[in-house]
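*Asks:* In full-length UniProt numbering, the protein residues as written are 1 to 495.
Next comes the structure, spelled out in C-alpha coordinates:
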(Lines of atoms letter the chains of each structure in order from A and count residues from 1; the text may use other names and numbers.)
(Lines give C-alpha, C1' and ligand atoms only; values in the text may rest on other atoms or scores of the structure.)
Protein backbone atom coordinates (compact mmCIF):
# COMPACT_ATOMS: atom_id res chain seq x y z
CA UNK A 1 0.00 0.00 0.00
CA UNK A 2 1.45 3.32 -1.05
CA UNK A 3 1.92 6.38 1.14
CA UNK A 4 -0.95 8.18 -0.61
CA UNK A 5 -3.33 5.27 -0.01
CA UNK A 6 -2.40 5.13 3.69
CA UNK A 7 -2.97 8.87 3.96
CA UNK A 8 -6.42 8.59 2.35
CA UNK A 9 -7.37 5.72 4.65
CA UNK A 10 -6.24 7.66 7.71
CA UNK A 11 -8.22 10.70 6.58
CA UNK A 12 -11.34 8.58 6.12
CA UNK A 13 -10.93 7.18 9.61
CA UNK A 14 -10.57 10.66 11.05
CA UNK A 15 -13.65 11.83 9.15
CA UNK A 16 -15.65 8.82 10.34
CA UNK A 17 -14.51 9.43 13.92
CA UNK A 18 -15.52 13.12 13.69
CA UNK A 19 -18.91 12.17 12.27
CA UNK A 20 -19.40 9.65 15.06
CA UNK A 21 -18.44 12.19 17.71
CA UNK A 22 -20.70 14.77 16.04
CA UNK A 23 -23.62 12.37 16.17
CA UNK A 24 -23.00 11.78 19.89
CA UNK A 25 -22.81 15.52 20.59
CA UNK A 26 -25.97 16.16 18.55
CA UNK A 27 -27.87 13.40 20.35
CA UNK A 28 -26.72 14.70 23.71
CA UNK A 29 -27.65 18.28 22.81
CA UNK A 30 -31.08 17.17 21.59
CA UNK A 31 -31.57 15.16 24.77
CA UNK A 32 -30.64 18.18 26.91
CA UNK A 33 -33.02 20.38 24.89
CA UNK A 34 -35.92 17.97 25.35
CA UNK A 35 -35.12 17.63 29.03
CA UNK A 36 -34.99 21.41 29.44
CA UNK A 37 -38.31 21.85 27.63
CA UNK A 38 -39.90 19.22 29.86
CA UNK A 39 -38.57 21.05 32.92
CA UNK A 40 -40.02 24.32 31.54
CA UNK A 41 -43.39 22.66 30.95
CA UNK A 42 -43.45 21.25 34.48
CA UNK A 43 -42.54 24.69 35.83
CA UNK A 44 -45.44 26.25 33.90
CA UNK A 45 -47.82 23.71 35.39
CA UNK A 46 -46.50 24.42 38.90
CA UNK A 47 -46.93 28.15 38.32
CA UNK A 48 -50.54 27.60 37.33
CA UNK A 49 -51.12 25.47 40.42
CA UNK A 50 -49.92 28.41 42.53
CA UNK A 51 -52.57 30.58 40.84
CA UNK A 52 -55.43 28.12 40.24
CA UNK A 53 -58.38 28.86 38.02
CA UNK A 54 -60.78 29.42 40.88
CA UNK A 55 -64.22 27.93 40.53
CA UNK A 56 -67.26 30.06 41.34
CA UNK A 57 -70.83 28.82 41.84
CA UNK A 58 -72.12 27.76 38.46
CA UNK A 59 -75.05 29.59 36.96
CA UNK A 60 -77.67 26.87 36.30
CA UNK A 61 -78.89 28.67 33.19
CA UNK A 62 -75.46 28.50 31.57
CA UNK A 63 -74.10 25.12 32.65
CA UNK A 64 -74.13 22.09 30.39
CA UNK A 65 -75.09 19.03 32.39
CA UNK A 66 -74.26 15.56 31.15
CA UNK A 67 -77.39 13.75 30.05
CA UNK A 68 -77.30 10.56 32.08
CA UNK A 69 -80.61 9.08 30.94
CA UNK A 70 -79.78 5.39 30.92
CA UNK A 71 -81.79 4.64 27.81
CA UNK A 72 -79.83 7.16 25.68
CA UNK A 73 -76.80 6.05 23.67
CA UNK A 74 -73.66 8.14 23.32
CA UNK A 75 -73.82 10.60 20.44
CA UNK A 76 -72.07 9.45 17.28
CA UNK A 77 -68.94 11.36 16.21
CA UNK A 78 -70.34 11.75 12.70
CA UNK A 79 -73.93 12.59 13.49
CA UNK A 80 -76.66 11.36 11.08
CA UNK A 81 -77.97 14.96 11.08
CA UNK A 82 -74.96 16.23 9.09
CA UNK A 83 -75.66 17.58 5.62
CA UNK A 84 -72.08 18.03 4.39
CA UNK A 85 -70.95 20.92 2.19
CA UNK A 86 -72.74 24.24 2.72
CA UNK A 87 -73.29 27.21 0.45
CA UNK A 88 -71.77 30.13 2.32
CA UNK A 89 -72.29 33.70 1.17
CA UNK A 90 -69.86 35.99 3.01
CA UNK A 91 -71.84 39.04 1.87
CA UNK A 92 -74.99 37.95 3.69
CA UNK A 93 -75.18 39.66 7.09
CA UNK A 94 -78.35 38.80 9.03
CA UNK A 95 -80.01 41.13 11.51
CA UNK A 96 -79.79 40.07 15.15
CA UNK A 97 -83.40 38.83 15.24
CA UNK A 98 -82.87 36.79 12.04
CA UNK A 99 -80.05 34.61 13.41
CA UNK A 100 -80.96 30.94 13.65
CA UNK A 101 -80.26 29.42 17.06
CA UNK A 102 -82.56 26.41 17.34
CA UNK A 103 -83.40 25.51 20.95
CA UNK A 104 -80.50 27.32 22.61
CA UNK A 105 -80.63 28.24 26.29
CA UNK A 106 -79.75 31.67 27.57
CA UNK A 107 -76.02 32.30 27.22
CA UNK A 108 -75.81 30.71 23.76
CA UNK A 109 -75.76 27.14 25.11
CA UNK A 110 -77.23 23.94 23.69
CA UNK A 111 -76.99 20.19 24.24
CA UNK A 112 -78.59 17.21 22.50
CA UNK A 113 -81.63 15.57 24.05
CA UNK A 114 -81.62 12.28 22.14
CA UNK A 115 -78.10 11.07 23.10
CA UNK A 116 -75.28 11.50 25.63
CA UNK A 117 -72.98 14.32 24.51
CA UNK A 118 -69.41 13.16 24.02
CA UNK A 119 -67.93 16.40 25.41
CA UNK A 120 -68.92 19.78 26.83
CA UNK A 121 -67.39 22.44 24.58
CA UNK A 122 -66.70 26.12 25.16
CA UNK A 123 -66.28 28.23 22.04
CA UNK A 124 -64.43 31.51 22.66
CA UNK A 125 -64.59 34.26 20.04
CA UNK A 126 -61.99 37.02 20.67
CA UNK A 127 -63.77 40.14 19.49
CA UNK A 128 -63.37 43.84 18.79
CA UNK A 129 -65.48 46.11 16.56
CA UNK A 130 -66.69 43.38 14.18
CA UNK A 131 -70.46 43.30 14.73
CA UNK A 132 -71.38 42.31 11.17
CA UNK A 133 -68.84 39.48 11.17
CA UNK A 134 -70.14 38.26 14.53
CA UNK A 135 -73.71 38.13 13.25
CA UNK A 136 -72.64 36.15 10.17
CA UNK A 137 -70.61 33.69 12.25
CA UNK A 138 -73.31 33.06 14.85
CA UNK A 139 -75.89 32.50 12.11
CA UNK A 140 -73.65 29.83 10.56
CA UNK A 141 -72.21 28.26 13.70
CA UNK A 142 -75.27 27.54 15.87
CA UNK A 143 -77.03 25.27 13.29
CA UNK A 144 -73.78 23.42 12.47
CA UNK A 145 -72.95 22.65 16.10
CA UNK A 146 -76.47 21.38 16.76
CA UNK A 147 -76.38 19.08 13.72
CA UNK A 148 -73.07 17.73 15.07
CA UNK A 149 -74.73 16.97 18.43
CA UNK A 150 -71.99 19.05 20.06
CA UNK A 151 -72.93 20.27 23.54
CA UNK A 152 -71.62 23.84 23.64
CA UNK A 153 -71.72 27.37 24.99
CA UNK A 154 -70.50 30.33 22.91
CA UNK A 155 -68.54 33.10 24.63
CA UNK A 156 -67.75 36.42 22.94
CA UNK A 157 -64.74 37.94 24.73
CA UNK A 158 -64.54 41.64 23.91
CA UNK A 159 -61.64 43.94 24.75
CA UNK A 160 -63.22 46.84 26.60
CA UNK A 161 -61.04 49.76 25.53
CA UNK A 162 -60.53 51.31 22.10
CA UNK A 163 -56.78 50.76 22.07
CA UNK A 164 -54.85 48.24 20.04
CA UNK A 165 -56.32 44.75 20.07
CA UNK A 166 -54.48 42.13 22.14
CA UNK A 167 -55.93 38.85 20.96
CA UNK A 168 -53.65 36.70 23.13
CA UNK A 169 -54.45 38.49 26.38
CA UNK A 170 -58.18 38.43 25.58
CA UNK A 171 -58.03 34.69 24.92
CA UNK A 172 -56.09 34.01 28.12
CA UNK A 173 -58.56 36.08 30.14
CA UNK A 174 -61.58 34.42 28.54
CA UNK A 175 -60.11 30.95 29.14
CA UNK A 176 -59.83 31.66 32.86
CA UNK A 177 -63.34 33.10 33.04
CA UNK A 178 -64.88 30.24 31.09
CA UNK A 179 -63.35 27.57 33.33
CA UNK A 180 -64.75 29.39 36.35
CA UNK A 181 -68.23 28.73 34.96
CA UNK A 182 -67.92 25.07 34.05
CA UNK A 183 -65.39 22.24 33.81
CA UNK A 184 -65.38 22.11 30.04
CA UNK A 185 -63.80 19.14 28.29
CA UNK A 186 -62.85 21.16 25.22
CA UNK A 187 -62.13 24.82 24.40
CA UNK A 188 -62.22 26.19 20.84
CA UNK A 189 -60.82 29.62 19.96
CA UNK A 190 -62.65 30.90 16.89
CA UNK A 191 -61.75 33.95 14.76
CA UNK A 192 -64.87 36.00 14.10
CA UNK A 193 -64.30 36.27 10.33
CA UNK A 194 -64.08 32.50 9.62
CA UNK A 195 -67.25 30.78 8.36
CA UNK A 196 -67.25 26.95 8.18
CA UNK A 197 -68.21 25.53 4.78
CA UNK A 198 -68.91 21.96 5.89
CA UNK A 199 -70.58 20.61 9.03
CA UNK A 200 -68.48 17.41 8.89
CA UNK A 201 -65.53 19.27 10.46
CA UNK A 202 -66.40 18.25 14.01
CA UNK A 203 -66.04 20.71 16.89
CA UNK A 204 -64.97 18.17 19.52
CA UNK A 205 -61.47 17.83 20.97
CA UNK A 206 -58.96 15.08 20.25
CA UNK A 207 -56.05 13.76 22.32
CA UNK A 208 -53.80 16.52 20.89
CA UNK A 209 -54.44 20.18 20.01
CA UNK A 210 -56.11 20.49 16.60
CA UNK A 211 -55.72 23.21 13.96
CA UNK A 212 -59.35 23.21 12.90
CA UNK A 213 -59.05 25.62 9.95
CA UNK A 214 -56.23 24.43 7.65
CA UNK A 215 -58.12 25.13 4.39
CA UNK A 216 -59.25 28.73 3.72
CA UNK A 217 -60.64 30.17 0.50
CA UNK A 218 -58.43 33.28 0.77
CA UNK A 219 -55.35 31.04 0.43
CA UNK A 220 -56.85 28.76 -2.24
CA UNK A 221 -57.42 26.06 0.38
CA UNK A 222 -53.68 25.49 0.75
CA UNK A 223 -51.32 25.76 3.78
CA UNK A 224 -50.92 29.43 4.66
CA UNK A 225 -47.86 29.79 6.87
CA UNK A 226 -49.07 28.77 10.31
CA UNK A 227 -50.28 25.51 11.79
CA UNK A 228 -52.11 27.15 14.65
CA UNK A 229 -54.18 30.14 13.60
CA UNK A 230 -57.76 30.96 12.73
CA UNK A 231 -59.61 28.27 14.66
CA UNK A 232 -57.81 26.12 17.21
CA UNK A 233 -59.18 23.35 19.41
CA UNK A 234 -57.60 22.26 22.69
CA UNK A 235 -58.46 20.48 25.87
CA UNK A 236 -57.91 22.71 28.93
CA UNK A 237 -54.81 20.73 29.91
CA UNK A 238 -53.32 21.43 26.46
CA UNK A 239 -53.73 25.19 26.88
CA UNK A 240 -52.38 25.09 30.43
CA UNK A 241 -49.32 23.06 29.43
CA UNK A 242 -48.53 25.62 26.70
CA UNK A 243 -49.01 28.45 29.23
CA UNK A 244 -51.64 29.91 26.95
CA UNK A 245 -51.03 32.71 24.47
CA UNK A 246 -48.47 35.49 24.75
CA UNK A 247 -49.77 38.80 26.14
CA UNK A 248 -47.17 40.90 24.31
CA UNK A 249 -48.69 41.14 20.83
CA UNK A 250 -50.71 44.35 20.49
CA UNK A 251 -52.39 44.45 17.10
CA UNK A 252 -53.00 41.86 14.41
CA UNK A 253 -50.53 39.10 13.55
CA UNK A 254 -47.59 37.06 14.89
CA UNK A 255 -49.34 35.76 18.01
CA UNK A 256 -50.33 32.54 16.19
CA UNK A 257 -46.69 31.71 15.37
CA UNK A 258 -45.79 32.27 19.00
CA UNK A 259 -48.60 29.96 20.14
CA UNK A 260 -47.49 27.26 17.72
CA UNK A 261 -44.08 27.25 19.40
CA UNK A 262 -45.68 27.00 22.82
CA UNK A 263 -47.74 23.98 21.82
CA UNK A 264 -44.73 22.31 20.19
CA UNK A 265 -42.76 22.88 23.41
CA UNK A 266 -45.46 21.21 25.47
CA UNK A 267 -45.89 17.41 25.66
CA UNK A 268 -48.50 17.64 22.89
CA UNK A 269 -48.38 18.04 19.10
CA UNK A 270 -50.56 20.04 16.74
CA UNK A 271 -52.66 17.65 14.63
CA UNK A 272 -55.00 17.94 11.66
CA UNK A 273 -58.78 17.60 11.91
CA UNK A 274 -60.17 14.06 11.70
CA UNK A 275 -62.21 14.98 8.62
CA UNK A 276 -59.42 17.02 7.04
CA UNK A 277 -60.90 17.43 3.57
CA UNK A 278 -64.01 18.98 5.09
CA UNK A 279 -62.07 21.48 7.24
CA UNK A 280 -62.80 24.30 4.77
CA UNK A 281 -63.61 27.90 5.64
CA UNK A 282 -64.53 31.14 3.95
CA UNK A 283 -62.95 34.29 5.33
CA UNK A 284 -65.12 37.40 5.35
CA UNK A 285 -63.15 40.00 3.33
CA UNK A 286 -61.87 42.92 5.38
CA UNK A 287 -58.88 45.12 6.04
CA UNK A 288 -56.86 44.29 9.14
CA UNK A 289 -56.64 47.58 11.04
CA UNK A 290 -54.76 46.05 13.97
CA UNK A 291 -51.41 45.34 12.32
CA UNK A 292 -48.85 44.23 14.88
CA UNK A 293 -46.34 47.07 14.60
CA UNK A 294 -43.74 45.83 17.07
CA UNK A 295 -41.99 44.05 14.20
CA UNK A 296 -42.80 46.47 11.39
CA UNK A 297 -42.07 49.78 13.10
CA UNK A 298 -38.99 49.89 15.29
CA UNK A 299 -39.26 53.49 16.41
CA UNK A 300 -40.51 53.70 19.97
CA UNK A 301 -41.98 57.13 19.30
CA UNK A 302 -44.69 55.59 17.09
CA UNK A 303 -46.02 53.05 19.57
CA UNK A 304 -46.61 53.52 23.27
CA UNK A 305 -46.26 49.80 23.78
CA UNK A 306 -43.10 49.36 21.76
CA UNK A 307 -41.01 46.29 22.53
CA UNK A 308 -37.74 45.32 20.80
CA UNK A 309 -38.30 42.60 18.22
CA UNK A 310 -35.36 40.66 19.66
CA UNK A 311 -37.26 40.26 22.93
CA UNK A 312 -40.48 39.24 21.25
CA UNK A 313 -38.92 36.34 19.38
CA UNK A 314 -37.30 34.85 22.47
CA UNK A 315 -39.92 32.16 22.69
CA UNK A 316 -37.97 29.83 24.95
CA UNK A 317 -36.95 32.46 27.49
CA UNK A 318 -40.45 33.81 28.10
CA UNK A 319 -43.00 31.16 27.15
CA UNK A 320 -42.99 29.51 30.58
CA UNK A 321 -43.29 32.71 32.58
CA UNK A 322 -45.30 34.96 30.24
CA UNK A 323 -48.75 33.95 29.10
CA UNK A 324 -51.72 32.38 30.88
CA UNK A 325 -49.99 32.53 34.28
CA UNK A 326 -49.14 36.23 33.93
CA UNK A 327 -52.17 37.78 32.19
CA UNK A 328 -53.50 40.80 34.08
CA UNK A 329 -57.16 41.64 33.47
CA UNK A 330 -60.56 42.37 34.94
CA UNK A 331 -63.84 40.92 33.72
CA UNK A 332 -66.01 44.02 34.04
CA UNK A 333 -69.25 42.15 33.41
CA UNK A 334 -70.71 38.89 32.17
CA UNK A 335 -73.92 39.25 30.17
CA UNK A 336 -75.96 36.27 28.96
CA UNK A 337 -78.08 36.66 25.87
CA UNK A 338 -79.95 34.41 23.50
CA UNK A 339 -76.97 33.96 21.16
CA UNK A 340 -73.89 34.05 23.38
CA UNK A 341 -72.36 34.94 26.73
CA UNK A 342 -70.56 38.28 26.56
CA UNK A 343 -67.34 38.80 28.56
CA UNK A 344 -66.22 42.44 28.86
CA UNK A 345 -62.44 42.22 29.33
CA UNK A 346 -60.44 45.17 30.68
CA UNK A 347 -56.68 44.88 30.03
CA UNK A 348 -55.59 48.37 31.04
CA UNK A 349 -53.80 48.53 34.39
CA UNK A 350 -54.39 52.27 34.68
CA UNK A 351 -57.41 54.11 33.30
CA UNK A 352 -56.76 57.86 33.22
CA UNK A 353 -59.91 59.94 33.70
CA UNK A 354 -58.27 63.32 33.28
CA UNK A 355 -54.86 64.97 33.07
CA UNK A 356 -54.23 68.69 33.29
CA UNK A 357 -50.94 70.33 32.32
CA UNK A 358 -50.21 73.86 33.49
CA UNK A 359 -47.34 76.24 32.81
CA UNK A 360 -46.13 78.11 35.87
CA UNK A 361 -44.44 81.47 35.65
CA UNK A 362 -44.10 84.37 38.11
CA UNK A 363 -46.53 82.79 40.54
CA UNK A 364 -49.33 82.35 38.00
CA UNK A 365 -50.45 79.22 36.16
CA UNK A 366 -51.67 78.92 32.58
CA UNK A 367 -53.68 75.81 31.64
CA UNK A 368 -52.17 74.25 28.52
CA UNK A 369 -53.84 70.87 28.20
CA UNK A 370 -56.99 69.51 29.83
CA UNK A 371 -57.67 65.88 28.97
CA UNK A 372 -60.99 65.59 30.75
CA UNK A 373 -62.98 63.30 28.47
CA UNK A 374 -64.75 65.17 25.66
CA UNK A 375 -65.94 64.36 22.18
CA UNK A 376 -63.33 64.24 19.41
CA UNK A 377 -62.95 67.23 17.11
CA UNK A 378 -60.59 68.26 14.32
CA UNK A 379 -58.27 71.17 15.07
CA UNK A 380 -56.87 73.04 12.08
CA UNK A 381 -53.11 73.62 12.37
CA UNK A 382 -51.88 76.21 9.92
CA UNK A 383 -48.41 76.03 8.39
CA UNK A 384 -48.22 72.36 9.43
CA UNK A 385 -47.61 69.15 7.49
CA UNK A 386 -47.31 65.44 8.15
CA UNK A 387 -45.19 63.98 5.37
CA UNK A 388 -46.24 60.67 3.87
CA UNK A 389 -43.08 58.94 5.08
CA UNK A 390 -43.96 60.00 8.64
CA UNK A 391 -47.70 59.57 8.44
CA UNK A 392 -48.08 56.01 7.18
CA UNK A 393 -47.13 52.64 8.59
CA UNK A 394 -48.49 49.24 7.66
CA UNK A 395 -52.03 49.95 8.81
CA UNK A 396 -53.11 52.73 6.44
CA UNK A 397 -50.87 51.77 3.55
CA UNK A 398 -53.90 50.73 1.51
CA UNK A 399 -55.15 54.34 1.73
CA UNK A 400 -51.86 55.87 0.65
CA UNK A 401 -53.03 56.82 -2.86
CA UNK A 402 -56.43 58.22 -1.89
CA UNK A 403 -57.09 61.95 -2.09
CA UNK A 404 -60.24 62.74 -0.12
CA UNK A 405 -62.44 65.78 0.29
CA UNK A 406 -62.65 67.30 3.77
CA UNK A 407 -65.99 65.62 4.51
CA UNK A 408 -64.85 62.22 3.20
CA UNK A 409 -61.53 62.46 5.08
CA UNK A 410 -63.31 63.31 8.31
CA UNK A 411 -65.81 60.46 7.86
CA UNK A 412 -63.08 57.91 7.09
CA UNK A 413 -60.91 59.13 9.96
CA UNK A 414 -63.86 58.73 12.33
CA UNK A 415 -64.45 55.18 11.08
CA UNK A 416 -60.81 54.22 11.69
CA UNK A 417 -60.91 55.35 15.31
CA UNK A 418 -57.54 55.66 17.01
CA UNK A 419 -55.75 54.44 13.86
CA UNK A 420 -56.28 57.81 12.18
CA UNK A 421 -54.72 60.83 13.87
CA UNK A 422 -55.95 63.35 11.31
CA UNK A 423 -55.43 64.36 7.70
CA UNK A 424 -53.07 66.71 5.84
CA UNK A 425 -53.84 68.87 2.84
CA UNK A 426 -52.06 67.70 -0.29
CA UNK A 427 -53.70 69.75 -3.01
CA UNK A 428 -56.28 72.53 -2.51
CA UNK A 429 -59.37 70.96 -0.93
CA UNK A 430 -57.93 67.40 -1.02
CA UNK A 431 -56.48 65.52 1.95
CA UNK A 432 -54.54 62.38 2.83
CA UNK A 433 -55.19 60.45 6.03
CA UNK A 434 -52.40 60.17 8.58
CA UNK A 435 -51.73 57.47 11.15
CA UNK A 436 -48.75 58.94 13.01
CA UNK A 437 -48.82 62.41 14.55
CA UNK A 438 -45.44 63.79 13.50
CA UNK A 439 -46.14 67.47 12.90
CA UNK A 440 -43.68 69.56 10.91
CA UNK A 441 -43.87 73.25 10.17
CA UNK A 442 -43.96 74.05 6.46
CA UNK A 443 -40.59 75.84 6.66
CA UNK A 444 -38.99 72.86 8.39
CA UNK A 445 -40.10 69.96 6.19
CA UNK A 446 -37.52 67.87 4.32
CA UNK A 447 -37.17 68.33 0.58
CA UNK A 448 -38.54 64.85 -0.12
CA UNK A 449 -41.81 65.56 1.72
CA UNK A 450 -44.54 64.88 -0.84
CA UNK A 451 -47.33 66.55 1.13
CA UNK A 452 -47.81 69.78 -0.74
CA UNK A 453 -50.45 71.56 1.35
CA UNK A 454 -49.91 74.06 4.15
CA UNK A 455 -52.23 72.84 6.90
CA UNK A 456 -53.26 69.72 8.83
CA UNK A 457 -56.42 68.76 10.68
CA UNK A 458 -55.35 67.08 13.90
CA UNK A 459 -57.83 64.73 15.62
CA UNK A 460 -58.15 66.03 19.17
CA UNK A 461 -59.81 63.56 21.56
CA UNK A 462 -59.42 64.87 25.13
CA UNK A 463 -59.45 62.04 27.64
CA UNK A 464 -58.28 59.43 25.12
CA UNK A 465 -54.63 58.65 25.66
CA UNK A 466 -54.31 57.13 22.18
CA UNK A 467 -54.10 60.65 20.75
CA UNK A 468 -51.53 63.39 21.15
CA UNK A 469 -52.98 66.47 22.83
CA UNK A 470 -52.11 69.84 21.30
CA UNK A 471 -51.88 72.81 23.66
CA UNK A 472 -52.81 76.41 23.07
CA UNK A 473 -50.12 78.78 21.82
CA UNK A 474 -47.70 79.63 24.60
CA UNK A 475 -45.33 82.57 24.81
CA UNK A 476 -42.44 81.65 27.11
CA UNK A 477 -40.41 84.52 28.59
CA UNK A 478 -36.66 84.47 28.24
CA UNK A 479 -34.87 82.39 30.84
CA UNK A 480 -33.32 85.42 32.62
CA UNK A 481 -36.80 86.64 33.58
CA UNK A 482 -37.69 83.40 35.32
CA UNK A 483 -36.90 82.68 38.95
CA UNK A 484 -35.48 80.07 39.02
CA UNK A 485 -34.34 80.25 35.37
CA UNK A 486 -36.20 77.20 34.03
CA UNK A 487 -39.66 76.29 32.80
CA UNK A 488 -42.05 74.86 35.40
CA UNK A 489 -44.89 72.56 34.37
CA UNK A 490 -47.45 70.98 36.67
CA UNK A 491 -49.32 67.78 35.85
CA UNK A 492 -52.52 66.84 37.68
CA UNK A 493 -53.59 63.23 37.24
CA UNK A 494 -56.96 61.73 38.15
CA UNK A 495 -57.56 57.98 37.73
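Just so you know, even glycine gets a beta-carbon here, dropped at the ideal spot from N, CA and C.
Note that this is a predicted model, so its numbers are computed, not measured.
Among the candidates 217, 181, 188, 386, whose CA atom is the shortest distance from the CA of residue 198?
*Replies:* On the chain shown, position 198 is the one that residue 198 refers to. Cα-wise, what sits closest to residue 198 is 217.
*Asks:* According to DSSP, simplified to helix, strand and coil, what is residue 281?
*Replies:* Position 281 of the chain shown, counting from 1, holds the residue named residue 281. In the structure shown, residue 281 sits in a strand (DSSP, three-state: E or B).
*Asks:* Would you check whether the ligand HEM has a heavy atom nearer than 7 Å to the C-beta of residue 219?
*Replies:* With respect to small molecules bound, the structure shown includes none, and the ligand HEM cannot be examined in it.
*Asks:* Decide yes or no for the touch test of the segment 140 to 154 against the segment 167 to 175: beta carbon pairs closer than 8 Å, at least 3 of them.
*Replies:* No, the segment 140 to 154 is not in contact with the segment 167 to 175.
*Asks:* Buried or exposed: residue 243, going by 16 or more other Cβ atoms within 10 Å of its Cβ?
*Replies:* As a first step, residue 243 must be located in the chain shown, where it is residue number 243. It is buried - the Cβ of residue 243 has at least 16 other Cβ atoms within 10 Å.
*Asks:* Count the other CB atoms, across all protein chains shown, that sit within 10 Å of the CB of residue 330; report buried if there are 16 or more and exposed otherwise.
*Replies:* Numbered from its first residue, the chain shown carries residue 330 at position 330. Looking at its Cβ environment, which holds fewer than 16 other Cβ atoms inside 10 Å, residue 330 is exposed.
*Asks:* Any idea what DSSP makes of residue 379, helix, strand or coil?
*Replies:* By 1-based counting over the chain shown, the position of residue 379 is 379. Strand at residue 379.
*Asks:* By Cβ distance, which residues of its chain are closer than 7 Å to residue 127, with the 5 residues on each side in sequence left out?
*Replies:* Translated into the one-based positions of the chain shown, residue 127 becomes position 127. Around residue 127: 134, 156, 157, 158, 192.
*Asks:* Quick check on the burial criterion: 16 or more other C-beta atoms within 10 angstroms. Buried or exposed for residue 245?
*Replies:* Numbered from 1 along the chain shown, position 245 holds the residue referred to as residue 245. When all chains shown are included, residue 245 counts as buried.
*Asks:* Check the C-beta distance from residue 160 over to residue 344 and give it rounded, since I have them as a contact under 8 Å.
*Replies:* Position 160 of the chain shown, counting from 1, holds the residue named residue 160. Position 344 of the chain shown, counting from 1, holds the residue named residue 344. Contact flag correct, Cβ pair sits at about 5 Å.
*Asks:* Considering only DSSP beta bridges, list what residue 330 is partnered with.
*Replies:* The residue labelled residue 330 in the question sits at position 330 within the chain shown. Note: residue 330 sits in a beta bridge opposite 346.
*Asks:* Taking the DSSP output, what are the residues bridged to residue 498?
*Replies:* Residue coverage of the chain in this structure runs from 1 to 495, which leaves residue 498 outside it and unanswerable.
*Asks:* Does residue 337 pass the burial test, meaning 16 or more other C-beta atoms within 10 Å, or should it be called exposed?
*Replies:* One-based indexing of the chain shown puts residue 337 at position 337. So residue 337 counts as exposed.
*Asks:* Can you say whether residue 204 is buried or exposed, counting buried as having 16 or more other CB atoms within 10 angstroms of its CB?
*Replies:* Residue numbering aside, residue 204 sits at position 204 when the chain shown is read from its first letter. So residue 204 ends up on the buried side.
*Asks:* Between 196, 185, 227, 106, which has its C-alpha nearest residue 207's C-alpha?
*Replies:* One-based indexing of the chain shown puts residue 207 at position 207. That would be 185, whose Cα lies nearest to the Cα of residue 207.
*Asks:* List the endpoints of the continuous beta strand (DSSP E) containing residue 422.
*Replies:* Taking the chain shown and counting its residues from 1, the one referred to as residue 422 is at position 422. Residues 422 to 427.
*Asks:* First and last residue of the beta strand (DSSP E) that includes residue 194?
*Replies:* In the chain shown, counting from the first residue as 1, residue 194 sits at position 194. Residues 194 to 196.
*Asks:* Could you please give the first and the last residue of the uninterrupted alpha helix (DSSP H) stretch that includes residue 143?
*Replies:* Here residue 143 refers to the residue found at position 143 when the chain shown is read from its first residue. Start and end: 131 to 147.
*Asks:* Run the CB neighbour count on residue 19, radius 10 Å, all protein chains shown included, and call it buried at 16 or more, exposed below.
*Replies:* Taking the first residue of the chain shown as position 1, residue 19 is located at position 19. Answer is exposed; the Cβ neighbour count stays below 16.
*Asks:* Between 84, 260, 92, 258, which has its C-alpha nearest residue 202's C-alpha?
*Replies:* In the chain shown, counting from the first residue as 1, residue 202 sits at position 202. For the residues 84, 260, 92, 258, the minimum Cα distance to residue 202 belongs to 84.
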